[in-house]
Each structure stands twice: as structure tokens, then as C-alpha cells.
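S.K.:
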Amino acid sequence: RLKEVSKQSSPDEHFEDIISNYAELEFAFRYTDVQYFKKRRDLGLPSPIPLNTPFKSTDCIPGTAKPREHKTWSILLPICSRSSTKASSRELKRNKDAINRFGEIERLAQHHTHNQDIEKVCWDRLENFVASFRATTTKYDQSQIEFIIGIDEDDHVFNTQSAKERIEEIIPCMVRFILIRPQLYGKVCKIWNRLAQEAKHDFIVLLGDDIILLDNGWKQLIELRFEEIADATGLPYGTGCVALTDLSFQGFPTFPVIHQTHLKTFNRLLPRQFVNQGGDPFLYELYSRHNASSFVAAARLKNTLGGDDSARYLKHDINWKGIVLRVQLQHLQNHLKKRPEGVCLDIVVPSYRTNNDKILTKIIGLRASVK
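Going by this note's numbering, the sequence shown runs without a break in its numbering and finishes at 371.
(1) For E119 and E341, what's the separation of their Cα atoms in angstroms?
(2) Report back the beta-carbon spacing between T136 and L213 to the nearest angstrom; my notes put them in contact at under 8 angstroms.
(3) Start and end of the alpha helix (DSSP H) containing W218?
(4) Quick check on E91: buried or exposed, where buried means 16 or more other Cβ atoms within 10 Å of its Cβ?
(5) Tell me which residue opens and which closes the alpha helix (DSSP H) that S162 is part of.
(6) In angstroms, rounded to a whole number, what distance separates the CA positions of T265 and K358?
(7) Do you know whose CA, among N193, I170, P172, E169, lies nearest I178's CA?
(8) Do R125 and D210 come within 7 angstroms of each other at the CB atom, strictly closer than that value?
(9) Of the residues I145, K164, I151, which one's Cα is nearest the Cα of F203?
(10) Which value, in whole angstroms, describes the spacing of the CA atoms of D152 and I363?
(11) For V343, does the count of other Cβ atoms within 10 angstroms reach 16, so buried, or fall short, so exposed?
(12) Considering just the uninterrupted stretch of the beta strand (DSSP E) at H290, what are its terminal residues?
(13) Locate the alpha helix (DSSP H) running through W192, then write down its first and last residues.
(14) How big is the Cα-Cα spacing for Q260 and T354?
(15) Among the candidates D154, R326, G234, whose CA atom is the shortest distance from the CA of R271?
(16) State whether the segment 232-239 contacts the segment 150-165, with contact taken as three or more CB pairs (one from each stretch) at a distance under 8 angstroms.
(17) Excluding the 5 residues preceding and the 5 following H335 in the sequence, name in chain order all residues of the same chain whose CB lies nearer than 6 angstroms to its CB.
(18) For the beta strand (DSSP E) that R176 lies in, which residues bound it at each end?
(19) Can you give, in chain order, each stretch of the alpha helix (DSSP H) that sits fully within the segment 126-158 and has at least 4 residues?
(20) Please say whether C189 and F249 have beta carbons closer to each other than 7 angstroms?
(21) Using CA atoms only, rank isn't needed, just tell me which of N276, W218, E285, H201 is closest to G240.
(22) With a cut-off of 8 angstroms on the beta carbons, I'd call T245 and A299 a contact; round off their distance for me.
(23) My output table needs one value for C122: the three-state DSSP class, helix, strand or coil.
(24) Among Q330, T361, K321, which residue has its Cα nearest to the Cα of D346?
(25) Taking just the CA atoms, how far does V175 sit from Q161?
(26) Please classify Q328 as buried or exposed, where buried requires at least 16 other C-beta atoms within 10 Å of its C-beta.
(27) Over the uninterrupted beta strand (DSSP E) stretch that includes D246, give me the two end residues.
(28) Take the Cβ of N319 as the centre, count every other Cβ of all protein chains shown within 10 Å, and call the residue buried at 16 or more, exposed below.
(29) So, is R225 buried or exposed, given that buried needs 16 or more other C-beta atoms within 10 angstroms?
(30) Could you check whether S294 and V348 sit closer than 7 angstroms to each other, using their CB atoms as the reference points?
(31) So is I323 buried or exposed if we call it buried at 16+ other beta carbons inside 10 Å?
(32) Do you know offhand how far S81's Cα is from C122's?
(33) Helix, strand or coil: which one does DSSP assign to P256?
(34) Run the CB neighbour count on A131, radius 10 Å, all protein chains shown included, and call it buried at 16 or more, exposed below.
(35) Does the distance from the CB of L195 to the CB of I148 come in under 7 angstroms?
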């Protein structure tokens, strides 16, 4: 919703000075399919359900008399009491004592101390996340959602019977616990794969205890976007990737939602090469080639701890944009029996003995629409 700072503004003023939520507004325009609203207007259909109105179990798909089919969700939630790891990938390469090339990741991710202050911070963080989940979902929504919680074997805070009982008390959904072996410590993508093996519900999303959900009805909005993707592309329902909007990292699909169809197609969530970086943009890129990737600007969350700089593990990047992506794209194409129709744009930045300021300024200034 537009929020003007002043009623009458000068034509010479920049939009950012006039509109207090300019960045949020621009993001919504950039990632919203305007054709969707145009078609509704041309057909004389009513406006979509207001974003601040919680969805009810009797809601219908907008513009139709068809009752909304309620979908089930598996929320993958790895939790740990580990502090942020400041080590770099260079340290990993220099460490000759590592048992294997991921040995330093595993070592740094172990729980070496038990600190009462850390314990309070961990519980506060988890309870804040659950409070935001309760506030943005209905009782019926919660009955359709399960939490699959991953806990490190040597976690002093969460891997106790009393802690698990406390978690079951504060989360208003069915809860299942999966112990994470030390060999997987710090390897978020591999933990994601492990938890996804247990997911049997329609939709699957990896969330963290360090996020705050902000918008009512985010569950239904994402389900509706999957319906829109199927209608627009002719692909089977569930083929696609829909990302929540992370206000901490706007424009990046930090929290992608995928359908059980993906697991049936690939037999796993992510290829084995992924360690703890790149899984989310990979899923988004995979389906974007079929015009089946999308953001939901009205399903926002805030990541309070993670991000580009901070993490509770040693980051390990892989070059997934080459052969890894090509193999998975070919597999998806064979499964769908349909060639990709999405448009991909390669940007080449000359960087040898050139002044790139003007070139980079133009690239950064690019704005993309849905179509």
C-alpha cells in the first residue's frame, strides 16, 4: 500500500523522498503479474481478498465458485544452539588436519560449550518465530501443517526430552523430531535433504528459527500462485518454485516453496553436490526455465540472523550453474516432455583494464517485470 510522506510534492523530488515505502512498492510492482489484475478487471471480477484479512476455511478461489482445496504442508525446521561461525572458506582449504574436505565444517559446527545465556537466546528466538507463525495462520491452517524439526545429536539445549516436550507445547501443529548426525553438521543443504525425506505433505518449505513471518494468509497466497503457474504454463499442478519475500535479502529466493511433485521427479530435494550454499537459488533457477518460478510479494518474512554475511556455519559454495544445473534441467525436461520456454539473459561484465562504473551502474539499474 502506497505511503506518501507529503500530500503535495514537487515534480523535481525523487520518488524515494516522497514515498516512505518506495523500496517495498517497487519490489511489489517488479514481481507482480500485472496481467492477472488486468484480466480480473476486464472480466468484471471482484478485487482479490485483502491481504490483511485472514483466509477462512470457506474461502473460494478468487473469481470462481470453486471451493478452495486445502493443501497440507511440511515445514522443515532445523534448530540448533550453535553460535555464529566466523571462519572463512579459505581457512577450510588451509586446514590440513581435516579428516575430509568438509571436516572443518563439521568441527566448527559442534557444540563445545553449554551457556545459560545462549540457552535463553535460543528459546526466545524459537518462541518469537512460533508467535509469528500463530499470528499469520488460522487454526484450520495449523491443522494442515506439520513441523519436521532437525536437532543436532550433541545439542545441549534442544536435544533433551524436556526441550522436545516444550517445543511440542509451543508449536500448534503436529511435530516430528529428526536427529542430525555429526557428519551433517553445518551442511544445511544436506540437512534439508534429510528432513525432506520425511516430508509426505503437499508443499515443502525450509524455514529457520531466526525468521519472523509478517503477513496473514501467506499459506493460501502461495498455494494460489502455484495454481496460477499451472494455468499460465499448462504444466502439471505443483511444478514450480514459489518464494516468500525475504525483506532482509529482497529479490533473492531465500525461502523457496516446492511441491511434493519435485521429490517424486528427482527422488530428492537437492543434488548431492550441495553442501550449505546455493540450494535456494538453484531451485528457483531450475523452474524459471519453464516460467514456473515466482515471488509472492505479499507473503513477507524477515530473517533476523542469517543473511549474506552472518551464519551459524562455515559457508561452502559450489559452482551449481554449470553441469549440475544442466543435468537437472535435462531431467526435468524429459519428465515434463516439454522444452523450456523461459528466457534467460547472460550479462557479460568486461573487467580487464576498463572503467566499469558506467556499465555497472546501468546493469544495477535494470528492472525486470514478470513477462
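Where a beta carbon is used, it is the ideal one built from N, C-alpha and C, also for glycine.
M.R.: On the basis of the coordinates in this document:
(1) Each residue's alpha carbon lies about 50 angstroms from the other.
(2) Confirmed, Cβ separation roughly 5 angstroms.
(3) In this chain, the alpha helix (DSSP H) harbouring W218 covers 218-233.
(4) With a pLDDT of 45 at E91, under the threshold of 50, the predicted position of this residue should be treated as unreliable, and no value is reported.
(5) Its alpha helix (DSSP H) spans residues 161-170.
(6) For T265 and K358, the distance between alpha carbons rounds to 44 angstroms.
(7) Of the candidates N193, I170, P172, E169, the residue whose Cα lies closest to the Cα of I178 is N193.
(8) Yes, they are a contact pair.
(9) Here the closest residue by C-alpha is I145.
(10) Spanning the two alpha carbons is a distance of roughly 43 angstroms.
(11) Flag for V343 reads exposed.
(12) For H290, no beta strand (DSSP E) encloses it, and the DSSP letter there is neither H nor E.
(13) Per DSSP, W192 is one residue of the alpha helix (DSSP H) stretching across 188-196.
(14) Taking the Cα positions, Q260 is about 48 angstroms away from T354.
(15) First, the residue type needs correcting, since residue 271 is Pro and not Arg in the sequence shown. Looking at D154, R326, G234, the one whose alpha-carbon comes closest to that of P271 is R326.
(16) Touching, no.
(17) Answer for H335: T265, listed in chain order.
(18) R176 -> beta strand (DSSP E) spans 174-180.
(19) Counting only runs of 4+ residues, the alpha helix (DSSP H) found wholly inside the segment 126-158 occupies 139-143, in chain order.
(20) Between F249 and C189, the C-beta gap is not smaller than 7 angstroms, which leaves the two residues out of contact.
(21) Out of N276, W218, E285, H201, E285 has the C-alpha closest to the C-alpha of G240.
(22) The pair is a contact, with the Cβ atoms about 6 angstroms apart (cut-off 8 angstroms).
(23) Looking at C122 - three-state DSSP - the assignment turns out to be helix.
(24) The closest CA to that of D346, considering only Q330, T361, K321, is found on K321.
(25) Roughly 14 angstroms between the two C-alpha positions.
(26) When all chains shown are included, Q328 counts as buried.
(27) 241-246 is the extent of the beta strand (DSSP E) around D246.
(28) It counts as exposed.
(29) It is buried - the Cβ of R225 has at least 16 other Cβ atoms within 10 Å.
(30) The Cβ atoms of V348 and S294 do not sit closer than 7 angstroms to each other.
(31) It is exposed - the Cβ of I323 has fewer than 16 other Cβ atoms within 10 Å.
(32) About 6 angstroms.
(33) In the structure shown, P256 adopts extended strand secondary structure according to DSSP, grouped into three states.
(34) A residue is called buried when at least 16 other Cβ atoms come within 10 angstroms of its Cβ; A131 does not meet this threshold and is exposed.
(35) The answer is yes: Cβ separation under 7 angstroms.
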